[in-house]
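Residue numbers (the numbering used here): 56 to 798. These notes are about the structure you will find just below.
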Amino acid sequence: MSQNERSNIAVLTSGGDAPGMNAAVRAVVRTALTRGVDVYAIMDGYRGMVEGGDNIRKMGWESVGGILQLGGTVIGTARCDEFRTREGRQKAAYNLIQNDIDRLVVIGGDGSLTGANIFRQEWPDLLSELVDQELINREAVRSHPNLFIVGLVGSIDNDMFGTDMTIGADTALHRITEAIDALSSTAASHNRTFIVEVMGRHCGYLALMAGIATGADWVLIPEDPPQKGDWEDEMCRSLKSGRDVGRQHSIVVIAEGARDRFGKPITSEYTKQVLEERLGEEVRITILGHVQRGGAPSAFDRYLGTVQGYTAVAELLKSKPDQEPQLVGIRQHGVVRSSLVECVAQTQEVARVIQAQDYETALRMRGGSFAESYRIFRTILRSHPNPPKTGERRLRLAIMHAGGLSPGMNTAVRAAVRLGMDKGHTLLAVRRGFHGLIDGDISELGWMSVSGWVSRGGAGLGTSRHIPAGGDFYSIAKNLETHQVDGLLIIGGWVGYQGAYQLFNRRNDYPSFNIPIVCLPATIDNNLPGSELSIGADTALNNIVTNVDKIKQSAVASRRCFVVEVMGRDCGYLALLSGLATGAEKAYLPEEEITLAELQRDVADLIVGFRSGKRLGLMIRNEKAGGLYDTTFMSTLFKQEGSGLFDVRQAILGHIQQGGSPSPFDRIQATRLASQSIEFLLSEVDKPVPAAAAIGLKSSEIQFTSIYDFPRLIEPGFQRAKEQWWLKLRQVAATMDHTSRAE
Ligand code: ADP
């Protein structure tokens, strides 16, 4: 029999714990079981592997039930010096062979993955030595000639090559952002300066992204130590000019690995001293420490852990004898695989380059969007715009919203205003969506008018669902002329795209429509063509996940099934992704037909589940899925057919989903997209036929799609894009849910 058909899989978490590791463990276990492979969890990382015995536990479907929403790692993690020695690894090999395991999913940082690779390289020799010592027989060597490894990166630092995001980094950003938002309000009340120290020994990701997400006033990171002779002076001057224009508080974010250009660490204590002495301010230090690792994983980390765990098992099952160890990572939202050895080497190279004080290379090695984000951050934090360059035209750029409310709209406006003004242009606010454009509700925005907008939910400029028609176009044309608008940024959803398309189509009738237009996707529905994600969807997903976690807790006392209705209109993104992130049995999507027969099958599955001891059922329904078979109908059907075995409750989450402060991801992406939108308007404005386009995110890159193509890219009769990348996740969801379980 070949190796792949009989050996077992094991999963371990190692190094520092990270929220989302549990989602990965759950996905590994359930995917393996669905594929008919026995799967083991190794407790406490390599220590459990070296010690063996009860530390290597066979897992069943229910062993990983109810862990998705837990922080940390339920299978434990530990540092293990013995595994760094050959004797230790020999013991580990022996313990794996005892359990017929030769396929490993290792979830950890670069140290853990380095260890895994050394172990794999030594495997054949370790087994020979075990045979020589008569601890195992030759048959064991024959049936396990190779050790296969897939690595997933669990680390809050986001410091690894081969993946845009490591498991845990998004949750850590949530914790940091919540903390800085909270500090900002107390700091403002006392006119204080706060220094916030965040994790990141070699990587400034958390510090920089938290800086962008919270509108912090200064950041200090390992990759780019202040270059000027007296960086202290530069920092103080910037903070002081912020105070001079009315900022009530200042926040400085320091990565724990921050240093000056001579490699000397910049400590929080030293920075405090500098600020107190030079600015005469009261300064407080908050070291966030382990809080950053803690708490329930964010929706994204649950998603990340789940898809990566699922992919890791698929990779292991198709491994060939000469297979190099793989690292499963993520680019934007797509799973990618690369050579583990290569990724570890590159990661360690950045640390080395920083150590050698070659900061330029370090910044470049972090990848395009890191450097871009850093540049954007440095511009936005200024308290005054740069004056316009002499001889350059001062353009008038208008900003408006259109469509439903989406968290992150304010963040995008703030970034666009600051970046546009910094280039010497005038920014105009159009209020209440297209109504404002029709009524001439247009006025100039000042630099400080968007102060504090980075974290504010809602839409300061107002929005509406009105799409221009008939006589509206004449009024719009007149107002664009009156206000001499040179370019238009529409931050919104479907209505914005439709409106932009209408204006674009009437360029021959109204010359003032012949201006560059850019639509920035901002809708919780995530239904727009030209972007894999829209601003607001991540916040909505987190709102759903947090509330469903609470709803689930309320069911501990009795056997209960919840039918939870979520938003999304014609697009099932929120339903499917929240289903994945909450461990729902089923997500009903508007993209799929729902028949009575299917609902009957689902209730039959629920009955089987509850009869065999299950205490909680969770079905998530998109608001339009199933048409007349609405949430009440489904709940009633399940209740009636459940014949008293379980109780059924419905929960319609409603506008909670659109509310609240935007998530760090939405704030960061809103800032990036707004920055590029302004660049786009500026680059098109002098062309004879300026483009009208939608900006979007695709595989981590920012791309533009002509608004002319809008009708071609949408599904006729529905408010959704034809191409929806996330639909392929249905397979992952089906593997995780109870209805397809292998047991
Ligand atoms: P991380 O994986 O988060 O980088 P560590 O560097 O502490 O964390 O590594 C976690 C564990 O991985 C170590 O305690 C050790 O057991 C194992 N490990 C790390 N580096 C090696 C190595 N070079 N050789 C063997 N094992 C290693």
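The beta carbon of each residue, even a glycine, is placed where N, CA and C say it ideally should be.
N-terminal and C-terminal residue of the beta strand (DSSP E) that residue i is part of
| i | result |
| --- | --- |
| V308 | S305 to A310 |
| R158 | I156 to G163 |
| Q758 | E756 to S761 |
| K753 | A747 to K753 |
| R139 | Where R139 is concerned, there is no enclosing beta strand (DSSP E), given that its DSSP letter is neither H nor E. |
Limits of the alpha helix (DSSP H) - the one that residue i falls within
| i | result |
| --- | --- |
| M290 | W286 to D299 |
| A577 | Looking at the DSSP string, A577 is not in any alpha helix (DSSP H), and its letter there is neither H nor E. |
| K113 | Per DSSP, K113 belongs to no alpha helix (DSSP H); it is in the beta strand (DSSP E), I111 to K113. |
| A79 | M76 to T89 |
| F688 | T686 to E696 |
| E733 | A quick correction: the sequence has Ile, not Glu, at residue 733. Run containing I733: P719 to E739, per the alpha helix (DSSP H) assignment. |
| E106 | G100 to E106 |
| N569 | Counting along the chain, N569 falls outside any alpha helix (DSSP H), and DSSP gives it neither H nor E. |
| A532 | D527 to T537 |
| I5 | Nothing about residue 5 can be read from this structure; the chain reaches only from 56 to 798. |
| Q786 | R785 to M791 |
| A195 | R193 to S198 |
Among the options, nearest to residue i - alpha-carbon criterion
| i | options | result |
| --- | --- | --- |
| G126 | L159, R292, S353 and T594 | S353 |
| G772 | D625, A680, A729 and S667 | D625 |
| G634 | T601, P462 and L436 | T601 |
| T434 | R144, S69 and V274 | V274 |
| R421 | N213, S690 and T232 | N213 |
| E106 | C135, S118 and R81 | C135 |
| D580 | Y429, N110 and R775 | R775 |
| V619 | A642, E117, Q608 and S506 | A642 |
| K669 | D99, E117 and R419 | E117 |
| E778 | Q786, R767, A788 and V787 | R767 |
| S296 | D236, G512, G270 and L334 | L334 |
| G163 | T221, E194, D792 and R144 | T221 |
| P280 | W502, Y414 and T790 | Y414 |
| I675 | Q713, L683, Q705 and A652 | Q705 |
| D494 | N534, G143, K319 and L629 | N534 |
| P376 | V251, H490 and Q176 | Q176 |
Sub-9 Å separation of residue i and residue j beta-carbons
| i | j | result |
| --- | --- | --- |
| R230 | V308 | no |
| I97 | A65 | yes |
| L371 | F174 | no |
| A87 | V368 | yes |
| I590 | A577 | yes |
| V509 | R448 | no |
| G103 | G131 | yes |
| G209 | L395 | no |
| I545 | A555 | yes |
| G255 | G344 | no |
| F568 | I522 | no |
| L638 | L123 | According to the sequence displayed, residue 638 carries Gly and not Leu. The answer is yes: Cβ separation under 9 Å. |
| L736 | V573 | yes |
| C258 | V405 | yes |
| F355 | L596 | yes |
| D593 | S718 | yes |
| S586 | I750 | yes |
| I111 | L151 | yes |
| R419 | V338 | no |
| V161 | A171 | yes |
| R727 | G463 | no |
| F688 | V658 | no |
Bridge partner(s) assigned by DSSP for residue i
| i | result |
| --- | --- |
| M455 | I545 |
| P320 | R314 |
| N560 | Answer by DSSP bridge pairing: none, since N560 is not bridged. |
| Y95 | A65 and K113 |
| Q347 | None, per the DSSP bridge assignment. |
| L673 | F617 |
| A706 | V619 |
| R339 | F249 |
| A776 | I769 |
| I590 | A577 |
Contact with chain C by residue i, beta-carbon distance below 9 Å
| i | result |
| --- | --- |
| S633 | Judged by its chain identifiers, the structure shown contains no chain C, having just a single protein chain. |
Could you tell me which whole alpha helix (DSSP H) segments of length 4 or greater appear in the region 453-522? 464-477 and 489-494
Length at least 3, wholly inside the region 354-413: the beta strand (DSSP E) runs in chain order: 381-386 and 389-394
Restricting to runs no shorter than 4 residues, where is the alpha helix (DSSP H) found entirely within the region 597-645? 628-637
Ignoring anything shorter than 4 residues or poking outside the region 201-277, list the alpha helix (DSSP H) runs there in chain order. 224-245 and 260-269
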